[in-house]
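Protein chains in written order, with numbering that gives the first Met the number 0: chain A, 0 to 323; chain B, 0 to 518. Built from N, CA and C at the ideal position, the CB exists for glycine as well. What follows is a single structure, written as structure tokens, with notes after it.
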Amino acid sequence: MWTFIIRRLLQSAIVIIGVTLITFTALQMSGDPTYLYVSERATDEEIQRTREALGFDKPLPEQYLTFLGNLAQGDFGNSLSYKRPALDAVLEALPATLELTLFAMFLAIVVAIPLGVVASLNRGSAVDGSIMTVGMLGQSIPSFWLGIMMIMFFGLQMRILPISGHVPFIMPLLSGDWAQAFRNLPQALYYLIMPGFAVAFYSISRNARLVRSSMLEVLGQDFVRTARAKGISERAVVIRHALRNAWLPVVTMIGLEFGFLIGGVVVVEMVFSWPGIGRLVFNAINQRDIPVVQAAVVILALVFIALNLIVDLVYAKIDPRVKL
Amino acid sequence: MTTMRSMLMAGTVALVAPLAPAYAAPPDDTLVVGISADATTFDPAVISSRDNSNIAKHIFGTLYEIDPDGNIVPQMAESYTEAEDGLSYTYKLQPGLTCEDGEALTAEDVAYSFNRAGDPANAFTGNTPGFVYSSIGFNGAEAVSDLEVKINLTKKNPVSFGLIAEVFVHCKDSYEAMSLEDASSKPVASGSYRLASWDRGSQVVLEKLKDPGTFQNIIWRIIPEASTRSAELIAGNVDVITNVAPDQIDAVNASGTAEVKAVQGTRRIYVGFNQKDSFANGSPGGEAVQKTDVRVALQYAVDVEAICSQLLNFECTRATGLVNPPNANPNLEPYAYDPDKAEELLDAAGYPRGEDGTRFEITFQAPRGRYLNDANVALAIGQYLDDIGVKTNVELMEWASVYVPLISKHDVGPLFLLGSGGGTWSALYDMADLSTVDAGTNYTEWKNPDWFSGWEEIAAAKTPEEQRVVIDRMLEVFYNDPPWLMLYFQPDFYGVSKRVSFEPRRDEKVYLFDAALAE
Numbered sequence: 000m001w002t003f004i005i006r007r008l009l010q011s012a013i014v015i016i017g018v019t020l021i022t023f024t025a026l027q028m029s030g031d032p033t034y035l036y037v038s039e040r041a042t043d044e045e046i047q048r049t050r051e052a053l054g055f056d057k058p059l060p061e062q063y064l065t066f067l068g069n070l071a072q073g074d075f076g077n078s079l080s081y082k083r084p085a086l087d088a089v090l091e092a093l094p095a096t097l098e099l100t101l102f103a104m105f106l107a108i109v110v111a112i113p114l115g116v117v118a119s120l121n122r123g124s125a126v127d128g129s130i131m132t133v134g135m136l137g138q139s140i141p142s143f144w145l146g147i148m149m150i151m152f153f154g155l156q157m158r159i160l161p162i163s164g165h166v167p168f169i170m171p172l173l174s175g176d177w178a179q180a181f182r183n184l185p186q187a188l189y190y191l192i193m194p195g196f197a198v199a200f201y202s203i204s205r206n207a208r209l210v211r212s213s214m215l216e217v218l219g220q221d222f223v224r225t226a227r228a229k230g231i232s233e234r235a236v237v238i239r240h241a242l243r244n245a246w247l248p249v250v251t252m253i254g255l256e257f258g259f260l261i262g263g264v265v266v267v268e269m270v271f272s273w274p275g276i277g278r279l280v281f282n283a284i285n286q287r288d289i290p291v292v293q294a295a296v297v298i299l300a301l302v303f304i305a306l307n308l309i310v311d312l313v314y315a316k317i318d319p320r321v322k323l
Numbered sequence: 000m001t002t003m004r005s006m007l008m009a010g011t012v013a014l015v016a017p018l019a020p021a022y023a024a025p026p027d028d029t030l031v032v033g034i035s036a037d038a039t040t041f042d043p044a045v046i047s048s049r050d051n052s053n054i055a056k057h058i059f060g061t062l063y064e065i066d067p068d069g070n071i072v073p074q075m076a077e078s079y080t081e082a083e084d085g086l087s088y089t090y091k092l093q094p095g096l097t098c099e100d101g102e103a104l105t106a107e108d109v110a111y112s113f114n115r116a117g118d119p120a121n122a123f124t125g126n127t128p129g130f131v132y133s134s135i136g137f138n139g140a141e142a143v144s145d146l147e148v149k150i151n152l153t154k155k156n157p158v159s160f161g162l163i164a165e166v167f168v169h170c171k172d173s174y175e176a177m178s179l180e181d182a183s184s185k186p187v188a189s190g191s192y193r194l195a196s197w198d199r200g201s202q203v204v205l206e207k208l209k210d211p212g213t214f215q216n217i218i219w220r221i222i223p224e225a226s227t228r229s230a231e232l233i234a235g236n237v238d239v240i241t242n243v244a245p246d247q248i249d250a251v252n253a254s255g256t257a258e259v260k261a262v263q264g265t266r267r268i269y270v271g272f273n274q275k276d277s278f279a280n281g282s283p284g285g286e287a288v289q290k291t292d293v294r295v296a297l298q299y300a301v302d303v304e305a306i307c308s309q310l311l312n313f314e315c316t317r318a319t320g321l322v323n324p325p326n327a328n329p330n331l332e333p334y335a336y337d338p339d340k341a342e343e344l345l346d347a348a349g350y351p352r353g354e355d356g357t358r359f360e361i362t363f364q365a366p367r368g369r370y371l372n373d374a375n376v377a378l379a380i381g382q383y384l385d386d387i388g389v390k391t392n393v394e395l396m397e398w399a400s401v402y403v404p405l406i407s408k409h410d411v412g413p414l415f416l417l418g419s420g421g422g423t424w425s426a427l428y429d430m431a432d433l434s435t436v437d438a439g440t441n442y443t444e445w446k447n448p449d450w451f452s453g454w455e456e457i458a459a460a461k462t463p464e465e466q467r468v469v470i471d472r473m474l475e476v477f478y479n480d481p482p483w484l485m486l487y488f489q490p491d492f493y494g495v496s497k498r499v500s501f502e503p504r505r506d507e508k509v510y511l512f513d514a515a516l517a518e
């Protein structure tokens with residue numbers, strides 16, 4: 000297992016370099032960023048001075064190598080708009096995004112699995128049809144539109160959920176203030192409901208369909224028939240035998256889920272005024288704040304890699320046939 | 000199993016019980032404002048954006064300030080004198096000023112505030128060192144006595160006094176002892192409010208220290224999405240929001256809980272006629288707009304009032320020039336929408352319609368997403384010009400990385416859409432865009448000698464009345480030989496809850512000292 004982990008970590012380093020190269024190139028291709036940091040009234044001399052001060056006058060390979068060298072020391076440079084270390088800005092926003100993403104993942108699992116199981120057990124019925132229709136909608140509706148509709152209905156009309164905002168849970172937890180974290184927890188969950196669901200709706204739909212098809216496949220297999228023939232209760236057949244085997248493709252999907260959900264949070268964080276990385280990156284891209292974009296992409300890539308590693312380890316644990 | 004269910008129920012109740020207060024309206028001593036962007040710093044020398052500056056103005060005082068009517072009125076200072084040569088201003092401070100930590104604020108503190116912002120060692124890039132100081136030629140500040148501070152300048156500039164009113168003042172001892180990082184996040188207030196907390200990306204909470212100021216607390220909530228801001232306002236969770244999207248005005252007004260207050264802002268939106276040589280010789284359209292007659296003719300082709308009402312949801316009055324009312328030349332009437340007259344003038348200027356109905360073809364470049372509904376405004380103008388036989392190719396561009404470099408090099412056009420920030424406090428401030436032929440902001444490279452010679456007369460004028468005569472004459476020159484196709488002053492939309500009374504200003508400054516609970 001340790002060989003596997005070390006190999007994966009080495010692969011991760013290559014992935015990170017690739018990620019930085021792609022983002023760096025993409026950001027540079029969209030024009031000279033100097034103009035973002037001078038006023039519309041700036042003279043040519045001021046523009047040139049700023050370009051030199053920010054290092055944008057140097058050849059691109061040199062700029063990239065400088066960046067990589069600093070990156071190795073954990074230095075992403077100063078945010079050009081916040082005037083402080085870009086990494087600090089990203090790490091400050093990371094807990095809010097993790098709260099949202101983890102909550103969305105939680106929904107994508109605990110809502111999707113029962114729905115998929117119920118649909119598979121009622122194949123062809125109205126229940127199955129309804130669940131699959133909702134699943135189809137979930138995969139068709141853009142998350143930002145769903146977010147706005149939820150704000151209109153639950154926030155404005157029914158007034159049962161907060162329209163926007165955020166109550167921190169992970170941040171006080173990380174800073175050691177556990178009492179504050181748990182005091183915040185009810186409100187944190189309350190504020191998470193709408194954005195969490197808006198982010199998770201697509202995944203819930205996809206996972207429910209996945210569980211349904213996976214369950215249908217397993218339910219038709221010999222060992223399930225044998226279990227039933229032995230007189231085991233249907234509940235035990237479904238949960239202990241069928242679902243346990245149908246679970247594997249879902250676990251694989253969960254590993255990829257994080258990256259997908261992160262993509263979704265960018266827009267949802269804007270709609271719900273969620274102070275996370277998605278919103279930070281959105282603003283940073285608009286302002287061409289390259290250090291912040293780079294830091295955010297690298298940090299998210301690291302989190303994604305770490306989660307996938309964990310999923311691989313869990314996969315090996317729940318399926319003894321898999322050898323690491 | 001029953002135990003498990005009971006535990007789950009108890010857990011659910013425990014989670015849900017504290018939720019009820021989440022929907023309470025703000026308390027009576029608290030004003031909540033929804034803005035689109037967070038502050039990036041509270042270091043007074045680094046602040047550069049309007050949202051940031053609006054919050055900071057509640058924390059820091061200034062020597063003078065500009066009131067909603069454009070008058071420059073005393074704040075921390077009680078009077079000033081200008082040196083005869085115009086190269087220094089001496090301010091007399093009000094006695095008894097203090098900072099948040101109790102330190103007395105004297106002339107020495109004011110001089111320190113000014114000098115700190117201009118200190119090259121700090122390499123600050125905010126509005127004060129970046130714009131104000133370069134405009135006024137800041138040359139150091141010194142305390143003359145405990146209550147008198149002298150600001151030295153390298154050049155005489157008639158708008159210096161107004162620009163100095165933008166510089167935030169703070170105490171010396173606290174800032175001398177502070178790191179730059181602390182200065183950016185832990186300001187020591189010299190104004191009415193102190194920073195109580197700053198939850199980055201979420202909210203900034205200010206707490207009142209002294210008058211002026213009606214509310215004990217002001218909470219600035221960061222709500223980037225316009226529709227979410229409107230929803231929060233309608234729900235009664237915020238009292239004031241900025242930048243209401245035009246398509247949400249009706250929904251807010253119909254809510255019964257809030258209304259939209261529209262003001263004609265100070266940003267001048269215009270179409271520039273680029274007269275740079277490369278355009279003059281580059282295309283038939285570029286050549287045509289070199290002629291005054293053609294530029295005047297095109298003024299009549301565009302129905303500006305219709306653009307305002309249809310695309311901006313605002314009834315505007317067309318601009319007569321580059322100066323904001325009430326400082327514009329009162330004798331000038333806005334050009335009327337008269338396409339027949341436009342066609343007559345173009346015929347007379349030597350540009351009759353060809354066989355295909357086209358007089359000449361021209362490129363019209365415009366940013367997308369920079370100004371209110373800018374892309375649609377540009378497309379509408381293109382259509383108006385098409386209607387009089389000027390075949391207009393509208394090119395919409397990304398602002399930051401494409402449009403700004405073109406503007407900076409005066410390479411945009413030959414027609415281009417632009418908005419330029421202005422003010423209510425001085426005609427000269429607005430006119431400074433065209434301070435010299437080679438000014439960076441003379442984007443059209445207009446060269447009318449009657450205009451540019453006017454600046455010397457303004458400098459030589461001995462009284463404001465004499466100055467005003469010259470200003471009006473220059474504005475007439477601008478009107479009759481227009482380098483711009485004059486459009487409108489961009490409206491600003493504020494949503495205001497019926498819980499409070501708040502009157503927005505024209506100059507994008509959101510100052511909440513006089514806001515109060517509605518009667």
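For my contact list, residue i and residue j are in at a C-beta cut-off of 8 Å; report their separation, rounded to the angstrom.
i: threonine 265 (chain B); j: threonine 61 (chain B); result: Not quite, the Cβ-Cβ distance comes to about 19 Å (not below 8 Å), so this is no contact.
i: alanine 44 (chain B); j: glycine 161 (chain B); result: Between glycine 161 (chain B) and alanine 44 (chain B) the Cβ distance is about 19 Å, and since that is not below 8 Å, they are no contact.
i: threonine 256 (chain B); j: serine 496 (chain B); result: 6 Å
i: alanine 324 (chain A); j: alanine 199 (chain A); result: Here chain A has residues from 0 to 323 only, and residue 324 (chain A) is not among them.
So, is residue i buried or exposed, given that buried needs 16 or more other C-beta atoms within 10 angstroms?
i: lysine 275 (chain B); result: buried
i: phenylalanine 137 (chain B); result: buried
i: phenylalanine 109 (chain A); result: Sequence check: residue 109 (chain A) is valine here, not phenylalanine. Classification for valine 109 (chain A): exposed.
i: aspartate 210 (chain B); result: exposed
i: leucine 20 (chain A); result: exposed
i: lysine 446 (chain B); result: exposed
i: lysine 408 (chain B); result: exposed
i: glutamate 98 (chain A); result: buried
i: glutamate 381 (chain B); result: It should be pointed out that residue 381 (chain B) corresponds to glycine in this sequence rather than to glutamate. So glycine 381 (chain B) ends up on the buried side.
i: phenylalanine 181 (chain A); result: exposed
i: methionine 157 (chain A); result: exposed
i: alanine 110 (chain B); result: buried
i: methionine 28 (chain A); result: exposed
i: glycine 33 (chain B); result: buried
i: glycine 284 (chain B); result: buried
i: glycine 146 (chain A); result: buried
Tell me the rounded alpha-carbon separation between residue i and residue j.
i: valine 15 (chain B); j: leucine 188 (chain A); result: A caution first: valine 15 (chain B) carries a pLDDT of 43, below 50, which makes its placement in the model unreliable, though a value can still be read off. Whole-angstrom Cα-Cα distance: 9 Å.
i: glutamate 360 (chain B); j: valine 389 (chain B); result: 6 Å
i: glutamine 10 (chain A); j: leucine 301 (chain A); result: 12 Å
i: threonine 462 (chain B); j: serine 452 (chain B); result: 18 Å
i: valine 217 (chain A); j: arginine 239 (chain A); result: 12 Å
i: glutamate 175 (chain B); j: tryptophan 398 (chain B); result: 39 Å
i: glycine 154 (chain A); j: alanine 261 (chain B); result: 26 Å
i: aspartate 50 (chain B); j: proline 333 (chain B); result: 32 Å
i: proline 503 (chain B); j: tyrosine 192 (chain B); result: 20 Å
i: cysteine 315 (chain B); j: serine 87 (chain B); result: 40 Å
i: asparagine 520 (chain B); j: alanine 426 (chain B); result: The structure shown does not extend to residue 520 (chain B), since chain B is modelled only from 0 to 518, so the question has no answer here.
Can you name the start and end residues of the beta strand (DSSP E) that residue i belongs to?
i: proline 481 (chain B); result: Where proline 481 (chain B) is concerned, there is no enclosing beta strand (DSSP E), given that its DSSP letter is neither H nor E.
i: tyrosine 269 (chain B); result: 257-272
Determine the contact status of residue i and residue j, defining contact as a CB-CB distance below 7 Å.
i: isoleucine 222 (chain B); j: leucine 486 (chain B); result: no
i: leucine 26 (chain A); j: isoleucine 289 (chain A); result: yes
i: proline 94 (chain A); j: isoleucine 150 (chain A); result: no
i: phenylalanine 272 (chain B); j: threonine 443 (chain B); result: yes
Quick one: give me the first and last residue of the alpha helix (DSSP H) that residue i is part of.
i: lysine 340 (chain B); result: 338-347
i: phenylalanine 105 (chain A); result: 85-109
Practice problem: Select from the segment 188-206 of chain A all residues with a C-beta closer than 7 Å to any C-beta belonging to chain E, and list them in chain order. | Solution: Protein chains in the displayed structure are A and B, and chain E is not among them.
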